[in-house]
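A.B. asks: Okay, handing you the structure first.
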Amino acid sequence: MTTVGIPRGLLYYKYYPLWSTFLENLGIQVVTSPSTNKKIFLRGLNTAESEVCLPVKVFYGHVLELKDQVDFLFIPRIVSVEGKAYTCPKFLGLPDMIKAVENTLPPILNPTFNAKKGIREYYLTFYNLGRKFTQNSIKIAQAFLKARKAQSTFNRNLLKGELLSDILEGGKAPNQDNWSGLRVGLAGHPYNIFDSYVSLNLIKKLKEKEVKIVTGESVPHRRIEKETKHLPKKLFWTYEKEVVGSILYWLKEKVVDGIVYLLSFACGPDSLIQVLIEDESKKFGMPLMPLTIDEHSGEAGLVTRLEAFLDMLARRKRRK
Amino acid sequence: MKITFPHMGHIEFLLKDLFTRLDVDFIIPPPNSTETIKLGVRHAPELACYPLKVTLGNFIEGLEKGADTLIMAGGVGPCRFGYYAETQRRILKQLGYSFEMIRVEPPAAHPIQFIKSFKRVAPKKKIREIWKAIKVSFSKAQVMDFIEKKVLAIRPFEVNKGETTKTKKKAIKLLDQAFLESEIEKAKEEALNLLDSIPQDKEKPFLKIGLVGEFYLLLEPFVNFDLEELLGNMDIYLERGVYLTDWIGPSSKNPVMGVSNEEIAQAAFPYLSHFVGGEGRQTVGHTIIFAYQGFDGVIHLMPFTCMPELIAKSILPKISQDLDFPILTLVFDEQTGKAGLITRIEAFVELLISRRRKGLSPKRLIKIAYRGDSLELTGWKRR
Ligand code: SF4
Ligand code: SF4
């Protein structure tokens, strides 16, 4: 059976159900790399250019981990997912960056997804991808429909408030329906937040502290659009728009008691969006802790800062 | 209203000219200095790109001199540049300055907003007048670009050291004084003639280096430590991959540079098959074109954490290897020191010279380039 490897990094955290279901229904065996570990992390670090943002470095590591086990690597070029905006330049150049660095890679499947070109192009991208493995158009169409369904189930569960890592990695979600304790908004890119090695076990730590974690994934698309529509300058990065939109929503609706904003070192968009987020949080009097992670970040430092922040939030809450 | 703007290469001449035509009061911020950089760095986010920091410094210095309106380019992504103006606006407001920020969106993507922003600059002028003024100022800036390009080609051959730089100043002055279209035409001719009359020794041995990278670094001599003059004085013939009017101009033919965006995209294709914002694809494509044209090497400038150039930087080593073509990437930020930079450049130039001695002349490089498997390099004229 043909095997296709999907590296467990970057947009895996957004579209894995879509990609894997599609490929599997074409009769392909999908292989994913294991969760980020020290070996993967270090290999990525050693291979990528030193100035590259942390998650892209980690992605390199996953590619290297997978490359000898599969017939193809799946590294799509995701230019735009909503027409009005782009993703991040790195996603536009990702397959080329990977190809340039390694000579011994299996062939790379890099379909280009560009929503600016319309829905027809989107179908066509899947169709052309499918044609690489089967001549049977009906089979491709069926695989596509199943993939879409899998993705929307995934998205629906996220909207219900389930944590992405719990869904993808089969963790257990505690019942926090009538929660009276602290609620912390965890903002940032899913590939940082939900990669426990990269985020230094942030989610686990927050869970241990008995706080309810709210992430941007649970904010409906409509709200995000509504909140970001009136910004003086429209955001042209979809994923930053999601981060900003969910934070603005939390600020207005008082969904959370405080916000932890996770950014990775050398992330281009975040370096500017940070100003906007800090500005708006200040206006609403919302405690915000920006947390920049890089390859040298240590867990001890994180814990100290996190504890101080949570204590502060608890004090504020008691006073109210 | 007193308007101010950031420095970037000779954009000062363009805007000065334009605002004069539009009867707008303006303040030129103090020239870029270490103080400018310090100010920008102090108030910008640590990991913002370097150009944002320096231009923030310009704005602060302009505001301190009494400006109340800032003008800045916008953009539609995907690179960060389009969000500079808004980020800087927020930072400056937090610092307590009161001002208005006029963001000029690219005319191709937002034609109406583009005109509107100039209506805000010059409310009393009719749209037709504004348009005319923009056209004339633009044509003047284009002449300036041609002067810069010529200077790069002459400096390595000058007989009297420093003469080109001196003559360039004269030529710019000539142009600066020209106002009417006919005067600009005349000044263009005179300026270019002036440069042509510089005594040159064409027999001199020389190296050919292409300069590619992020536009702000390429255009602003203060932040790149006058790299062009530095290299020119080392008897190096230079061609640059970005010119101001090519960059802001309406066509993709790049009349000053002489290489169109399509050609660049084609050349880049085997290594980078999609645009990635900023000048990422230009950097990759132009490097390959320079290799094909028989240059000795390419110097690539990028600001620290610049996304498009980082993508290019990740790909350039492969190109260098495949084409046996030396490429030097220089990363700039506020901590970059001139001394270290010069050492690296000198080492690179040494390498190029030793390659020439070994007979790895640019001509042979072309042959090697032809052998590359996935390359289809036909269509560029050899010089
Ligand atoms: S959004 Fe930031 S972290 Fe994500 S790939 Fe782009 S630069 Fe890297
Ligand atoms: S090209 Fe690079 S330096 Fe310029 S705005 Fe974009 S990311 Fe920043």
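These protein sequences, in sequence, are chains A and B. Going by our numbering, the residue at position 78 of the first sequence is 78; the numbering climbs one at a time, nothing skipped. Going by our numbering, the residue at position 239 of the second sequence is 1239; the numbering climbs one at a time, nothing skipped. Ideal placement from N, C-alpha and C gives every residue a C-beta, glycine not left out. Note that this is a predicted model, so its numbers are computed, not measured.
Taking the runs of the alpha helix (DSSP H) that are 4 residues or longer, which of them lie wholly in the stretch 1316-1366 of chain B?
C.D. replies: 1338-1357
A.B. asks: Can B:Glu1214 be considered in contact with ligand 2, in the sense that its beta carbon sits closer than 6 Å to one or more heavy atoms?
C.D. replies: yes
A.B. asks: Is the stretch 85-94 of chain A touching the stretch 225-245 of chain A, taking contact as three or more C-beta pairs under 8 Å?
C.D. replies: yes
A.B. asks: Which same chain residues, not among the five before or five after B:Leu1014, have their C-beta less than 6 Å away from its C-beta?
C.D. replies: Ser1137, Ala1141
A.B. asks: My understanding is that B:Leu1039 touches B:Gly1057, with C-beta atoms under 8 Å, so please give their C-beta distance in whole angstroms.
C.D. replies: About 4 Å separates the two Cβ atoms, so the contact holds.
A.B. asks: Following a CB-centred definition, is B:Cys1306 positioned closer than 6 Å to any heavy atom of ligand 1?
C.D. replies: no
A.B. asks: Between B:Gly1232, B:His1286, B:Arg1120, which has its C-alpha nearest B:Thr1165's C-alpha?
C.D. replies: B:Gly1232
A.B. asks: For B:Leu1219, write down the residues that DSSP places opposite it in a beta bridge.
C.D. replies: B:Leu1219 pairs with nothing; no bridge assigned.
A.B. asks: Taking 7 Å as the threshold (C-beta atoms), are A:Pro220 and A:Tyr13 in contact?
C.D. replies: no
A.B. asks: B:Glu1061: which of B:Glu1229, B:Ser1033, B:Glu1086 sits nearest, CA to CA?
C.D. replies: Residue nearest to B:Glu1061 within the set B:Glu1229, B:Ser1033, B:Glu1086 is B:Ser1033 (criterion: CA-CA distance).
A.B. asks: Given that a residue counts as buried once 16 or more other Cβ atoms are within 10 Å of its Cβ, and exposed if not, what is B:Asp1373?
C.D. replies: Reliability of the predicted coordinates at B:Asp1373 is poor, the pLDDT of 37 falling under 50, and no value is obtained from them.
A.B. asks: Confirm, please, whether the CB-CB distance from B:Asp1145 to B:Leu1244 is below 7 Å.
C.D. replies: yes
A.B. asks: Let me check you understand the geometry: is the CB of B:Ser1117 closer than 6 Å to at least one non-hydrogen atom of ligand 1?
C.D. replies: Checking every heavy atom of ligand 1 against the Cβ of B:Ser1117, none is found closer than 6 Å.
A.B. asks: Are the C-beta atoms of B:Glu1086 and some chain A residue less than 7 Å apart?
C.D. replies: yes
A.B. asks: Would the C-beta of B:Arg1281 count as close to ligand 2, meaning under 6 Å from any of its heavy atoms?
C.D. replies: no
A.B. asks: Rounded to the nearest angstrom, what separates A:Val70 and A:Pro106 at their Cα positions?
C.D. replies: 7 Å
A.B. asks: Can you give me the Cβ contacts of A:Val4 inside the same chain, cut-off strictly under 8 Å, excluding the 5 residues immediately before and after it?
C.D. replies: Leu23, Ile28, Gln29, Val30, Val31, Val70, Asp71, Phe72, Leu73, Phe74, Leu109
A.B. asks: Would the C-beta of A:Cys88 count as close to ligand 4, meaning under 6 Å from any of its heavy atoms?
C.D. replies: Here the bound small molecules are ligand 1 and ligand 2; ligand 4 is not part of this structure.
A.B. asks: Do you know offhand how far B:Leu1195's Cα is from B:Val1151's?
C.D. replies: Those two C-alpha atoms are separated by around 7 Å.
A.B. asks: Given 8 Å as the limit, is there contact between the stretch 1203-1210 of chain B and the stretch 1284-1301 of chain B, that is, 3 or more CB pairs closer than that?
C.D. replies: yes
A.B. asks: Flag this pair as touching only if the stretch 1301-1308 of chain B and the stretch 127-137 of chain A have three or more C-beta atom pairs under 8 Å; answer yes or no.
C.D. replies: no
A.B. asks: Which term fits B:Ala1339, buried or exposed, when burial requires 16 or more other beta carbons within 10 angstroms of its beta carbon?
C.D. replies: B:Ala1339 should be labelled exposed.
A.B. asks: What residues from the stretch 185-200 of chain A come within 7 Å of chain B, judged by C-beta to C-beta, listed N to C?
C.D. replies: If the cut-off is 7 Å between Cβ atoms, the stretch 185-200 of chain A has nothing near chain B.
A.B. asks: Within the chosen definition, does the stretch 1220-1232 of chain B reach the stretch 1245-1253 of chain B through at least 3 CB pairs nearer than 8 Å?
C.D. replies: No, they do not touch.
A.B. asks: Let me know if B:Pro1111 comes out buried or exposed under the rule of 16 or more other beta-carbons within 10 Å of its beta-carbon.
C.D. replies: When all chains shown are included, B:Pro1111 counts as exposed.
A.B. asks: Pull out every residue of the stretch 1313-1324 of chain B whose Cβ sits closer than 9 Å to any Cβ of chain A, in chain order.
C.D. replies: Lys1313, Ser1314, Ile1315, Leu1316, Pro1317, Lys1318, Ile1319
A.B. asks: Chain A beta carbons: is any one of them nearer than 7 Å to that of B:Glu1048?
C.D. replies: Before going on, a small fix: residue 1048 of chain B reads as Ala here, not Glu. Chain A, which has a Cβ nearer than 7 Å to the Cβ of B:Ala1048, makes this yes.
A.B. asks: Please state the DSSP three-state secondary structure of A:Trp237.
C.D. replies: strand
A.B. asks: Is there at least one Cβ from chain A nearer than 7 Å to B:Thr1329's Cβ?
C.D. replies: Taking CB atoms only, B:Thr1329 has no neighbour in chain A less than 7 Å away.
A.B. asks: Just to confirm my understanding: we take A:Ala308, look at its own chain, exclude 5 residues before and 5 after, and list those with CB closer than 7 Å. What are they?
C.D. replies: none
A.B. asks: Give me the DSSP bridge partner(s) of A:Gln29.
C.D. replies: A:Thr3
A.B. asks: Please give me, in chain order, every unbroken run of the beta strand (DSSP E) with length at least 3 that falls completely inside the stretch 226-291 of chain A.
C.D. replies: 258-264
A.B. asks: Between which residues of its own chain and B:Val1041 is the CB-CB distance below 7 Å, once the five residues before and five after are set aside?
C.D. replies: Closer than 7 Å at the Cβ level, and outside the excluded window around B:Val1041, lie Lys1053, Glu1334.
A.B. asks: Please name the residue in A:Trp237, A:Ile6, A:Pro76 whose C-alpha comes closest to that of A:Asp68.
C.D. replies: A:Ile6
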